[in-house]
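Trainee: Shown below is the structure under consideration.
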Amino acid sequence: MGKSLKTEIMTINMGPQHPSTHGVIRFIIKTDGEIIHECIPDVGYLHRSIEKIAEAVSWQGFVPYTDRVDYLAAMNANWAYCTAVEKMIGAEVPRRAEFIRVIVGELNRISSHLIAIGATAMDLGAFTPFIQLLREREYINDLLEMACGARLTYNYISIGGVNWDVPPNWTEKIGEFLDHFELAMEQMNRLISYNRIFINRMANLATVSAETAIDYCFVGPNLRASGVKYDLRKDIPYSVYPELDFEIPVGEGREGAVGDCYDRYYVRAMEIRESIKILRQALKMMPEGEFQGKVKNNIKPEAGVAYVRHETPRGDTGYLIQADQKTSPYRLKIRTGSFTAMAAIPELAQGVFIADLVAIIGSLDVVAPELDR
Amino acid sequence: METQNILPLLQSKTQGALELIEDAYGATIKVPAEALLEVCRAAKESPELAFDCLMSQTGSHVGESIQLFYVLFSYQHKHELILTSEVPLGGSIDSVAGLWAIADWLERETFDLLGVSFKGHPDLRRIMLPEDWEGHPLLKDYPTPMEYNGIDNSPSEITQSFKVK
Chain A
1 MGKSLKTEIM
11 TINMGPQHPS
21 THGVIRFIIK
31 TDGEIIHECI
41 PDVGYLHRSI
51 EKIAEAVSWQ
61 GFVPYTDRVD
71 YLAAMNANWA
81 YCTAVEKMIG
91 AEVPRRAEFI
101 RVIVGELNRI
111 SSHLIAIGAT
121 AMDLGAFTPF
131 IQLLREREYI
141 NDLLEMACGA
151 RLTYNYISIG
161 GVNWDVPPNW
171 TEKIGEFLDH
181 FELAMEQMNR
191 LISYNRIFIN
201 RMANLATVSA
211 ETAIDYCFVG
221 PNLRASGVKY
231 DLRKDIPYSV
241 YPELDFEIPV
251 GEGREGAVGD
261 CYDRYYVRAM
271 EIRESIKILR
281 QALKMMPEGE
291 FQGKVKNNIK
301 PEAGVAYVRH
311 ETPRGDTGYL
321 IQADQKTSPY
331 RLKIRTGSFT
341 AMAAIPELAQ
351 GVFIADLVAI
361 IGSLDVVAPE
371 LDR
Chain B
374 METQNILPLL
384 QSKTQGALEL
394 IEDAYGATIK
404 VPAEALLEVC
414 RAAKESPELA
424 FDCLMSQTGS
434 HVGESIQLFY
444 VLFSYQHKHE
454 LILTSEVPLG
464 GSIDSVAGLW
474 AIADWLERET
484 FDLLGVSFKG
494 HPDLRRIMLP
504 EDWEGHPLLK
514 DYPTPMEYNG
524 IDNSPSEITQ
534 SFKVK
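Here the protein sequences come in this chain order: A and B. Our numbering numbers the first residue of the first sequence as 1 and each following residue consecutively. Our numbering numbers the first residue of the second sequence as 374 and each following residue consecutively.
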């Protein structure tokens with residue numbers, strides 16, 4: 001009977017308002033039963049023309065907009081833009097400010113990865129890990145709020161340093177949090193990392209080879225999960241990262257093939273562990289001193305084109321900035337990790353179940369505002 | 374490898390005249406629009422360059438033309454290269470989507486926001502804006518639309534009253 005059974009290709013719509021698309025993204029899916037034949041992402045619902053706004057605001061005035069580029073890791077988004085401008089104008093950043101940046105950046109990396117992991121687990125039907133990880137993220141939000149007064153869009157890192165010094169006892173508070181958080185991570189590993197159901201759903205799904213990952217310009221954890229050991233913090237070191245001791249986790253095919261959904265999940269889980277290591281060292285090493293370097297109020301970088309890269313939680317974010325010696329950028333282009341990851345969805349989603357598409361999106365850690373800008 | 378050393382290698386592969394442009398932030402190579410695909414292929418396929426990744430692709434509206442940027446990176450040799458090219462407003466250039474898979478989406482964005490057509494692109498349509506949108510917002514002379522499909526976008530009285538006269 002199997003061969004004579006007639007099937008029909010059906011076009012269904014997923015999103016833009018869908019709980020598991022991680023923001024306002026729409027997928028047009030052509031399916032045969034549960035199997036996806038073709039998946040066309042329809043993006044742009046969150047396009048706020050941030051690149052056009054950059055051409056109208058001052059160089060410093062653009063920092064709050066970078067918060068809105070990636071609101072799950074706004075510190076890193078601030079930092080990426082500020083390093084780009086600092087490179088262009090040759091500004092010196094005080095040593096204390098560099099350490100504050102590393103600390104808030106790594107805290108934000110942890111909180112961003114917690115969302116990525118928790119949301120993936122939730123999309124697969126496991127609700128408890130999401131709630132537990134969100135609880136941990138609240139503690140990080142508290143710590144960041146102590147430093148800058150905001151919980152989501154920080155506008156903390158400024159060109160040449162940070163906007164305010166951190167409050168007294170802040171470093172001790174972070175130390176206390178890390179002690180507690182390490183135990184919570186053990187709990188998370190027991191709950192999901194070694195959970196047979198979770199592993200079976202994620203292993204051998206949407207395997208991305210190193211060549212495909214590079215072809216699609218995968219960056220950050222997605223690239224490293226495919227076995228490419230490349231992290232800007234090590235390979236093109238910036239800030240005080242050369243002084244800190246940490247490892248770069250790469251995908252090893254722990255439960256299936258190298259570069260499958262489980263590897264992408266596991267690389268993020270391991271990166272949290274490395275971030276804890278970085279934080280413990282940075283807290284000890286942070287010196288006293290200035291938190292803001294001397295930067296002119298009226299920045300006018302030399303004319304030319306600069307391309308500056310920065311390792312954010314969603315990978316290498318590239319700022320291409322064209323300046324013409326004016327008080328605002330002539331053209332500013334942000335190439336984000338979510339954009340390149342999303343571009344690969346039509347290829348990765350071919351022939352998988354609809355329920356697995358959700359796992360693929362989750363494992364790629366796509367964040368809609370960063371994708372659409 | 375530095376851009377200065379990459380230039381002669383690329384020049385030997387093409388008839389078009391390549392030009393080294395240096396500014397305060399480093400060097401870029403200017404490629405004539407008709408030679409771009411050829412140069413990109415040489416950059417990707419010659420073993421000493423091996424640019425296996427297109428990091429970024431965009432353009433900017435300068436005067437009467439669109440200046441295009443192609444940021445290439447090689448994971449093998451860990452070097453970076455910025456190619457630039459120039460097309461007239463609303464002009465077209467060969468697509469590099471056959472060389473790097475990510476070029477598909479990056480070129481769609483450039484098409485959408487700057488109005489450059491890419492010859493040989495597999496699926497050239499708007500990506501960020503709706504299909505029925507008029508104009509290309511990143512052009513410097515783009516007027517802010519006052520209305521879209523019945524949605525009013527004219528400045529409200531309150532915003533007007535805050536405007537510095």
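Just so it is clear, CB atoms sit at the ideal spot from N, CA and C, and this is done for glycine as well. Computed from a predicted model, the values in this text were never measured in an experiment.
Within 10 angstroms of the Cβ of F198/A, are there 16 or more other Cβ atoms? Answer buried if so, exposed if not.
Mentor: With 16 or more other Cβ atoms within 10 Å, it is buried.
Trainee: Can you tell which of S458/B, I466/B, L511/B and F424/B has the C-alpha that lies nearest to the C-alpha of Q449/B?
Mentor: Cα-wise, what sits closest to Q449/B is F424/B.
Trainee: Between M1/A and T31/A, what straight-line distance do the alpha-carbon atoms span, to the nearest angstrom?
Mentor: The predicted position of M1/A is uncertain, since its pLDDT is 47 and thus under 50; a value taken from the coordinates is nonetheless stated next. If you draw a straight line from the Cα of M1/A to the Cα of T31/A, it comes to about 21 angstroms.
Trainee: How should P41/A be labelled, buried or exposed, when 16 other C-beta atoms within 10 angstroms of its C-beta is the threshold for buried?
Mentor: buried
Trainee: State yes or no: is the C-beta of T317/A within less than 8 angstroms of the C-beta of I345/A?
Mentor: no
Trainee: Excluding the 5 residues preceding and the 5 following I157/A in the sequence, name in chain order all residues of the same chain whose CB lies nearer than 7 angstroms to its CB.
Mentor: M75, N78, W79, C82 and R101
Trainee: Measure the alpha-carbon distance for E92/A versus G161/A and round it to whole angstroms.
Mentor: 8 angstroms
Trainee: If you count every other CB in all the chains shown that lies within 10 Å of the CB of Q322/A, and 16 or more means buried, which is it?
Mentor: buried
Trainee: Taking just the CA atoms, how far does L472/B sit from R414/B?
Mentor: Their Cα atoms are separated by approximately 7 angstroms.
Trainee: I need the straight-line Cα distance from S458/B to A476/B, nearest angstrom please.
Mentor: As the crow flies, the alpha-carbon of S458/B is around 16 angstroms from that of A476/B.
Trainee: Reducing DSSP to helix, strand and coil, say where M342/A ends up.
Mentor: helix
Trainee: Just the C-alpha distance for D372/A and A121/A, rounded to the nearest angstrom, thanks.
Mentor: 24 angstroms
Trainee: Taking three-plus beta-carbon pairs below 8 angstroms as touching, is the stretch 244-252 of chain A in contact with the stretch 143-154 of chain A?
Mentor: no
Trainee: Name the residue from E437/B, E375/B and P420/B whose alpha carbon lies nearest to the alpha carbon of L487/B.
Mentor: In terms of Cα proximity to L487/B, the closest of E437/B, E375/B and P420/B is E437/B.
Trainee: Cβ of C413/B less than 8 angstroms from any chain A Cβ?
Mentor: no
Trainee: For a contact defined as C-beta to C-beta under 8 angstroms, what are the partners of K451/B on chain A?
Mentor: D235
Trainee: A343/A versus chain B: which residues are under 7 angstroms apart at the beta carbon?
Mentor: I475, D477 and W478
Trainee: Compare the C-beta of I214/A with all C-beta atoms of chain B and state if any pair is closer than 8 angstroms.
Mentor: yes
Trainee: Mind listing the chain A neighbours of P510/B? Cutoff is C-beta to C-beta under 8 angstroms, in chain order.
Mentor: S49 and K52
Trainee: Under a Cβ-count criterion, where at least 16 other Cβ atoms within 10 Å of its own Cβ denotes burial, should M10/A be classed as buried or exposed?
Mentor: exposed
Trainee: Give the interface partners of Y448/B over in chain A, defined as CB-CB distance under 8 angstroms, in chain order.
Mentor: I214, V228 and Y230
Trainee: Tell me the DSSP secondary structure of V162/A in three-state form.
Mentor: strand
Trainee: Which whole-angstrom value is the C-beta distance of L398/B and G304/A, which I expect to be below 8 angstroms?
Mentor: The sequence given here has Tyr at residue 398/B, not Leu. 5 angstroms between Cβ atoms; contact.
Trainee: Quick check on N13/A: does DSSP put it in helix, strand or coil?
Mentor: Here N13/A sits in strand by DSSP.
Trainee: Return the residues of the stretch 415-429 of chain B that lie within a Cβ-Cβ distance of less than 7 angstroms from chain A, sorted by chain order.
Mentor: D425, C426, L427, M428 and S429
Trainee: Leaving out the 5 sequence neighbours to the left and right, which residues in its chain are closer than 7 angstroms to A343/A when beta-carbon positions are compared?
Mentor: Closer than 7 angstroms at Cβ, skipping near neighbours: Y216.
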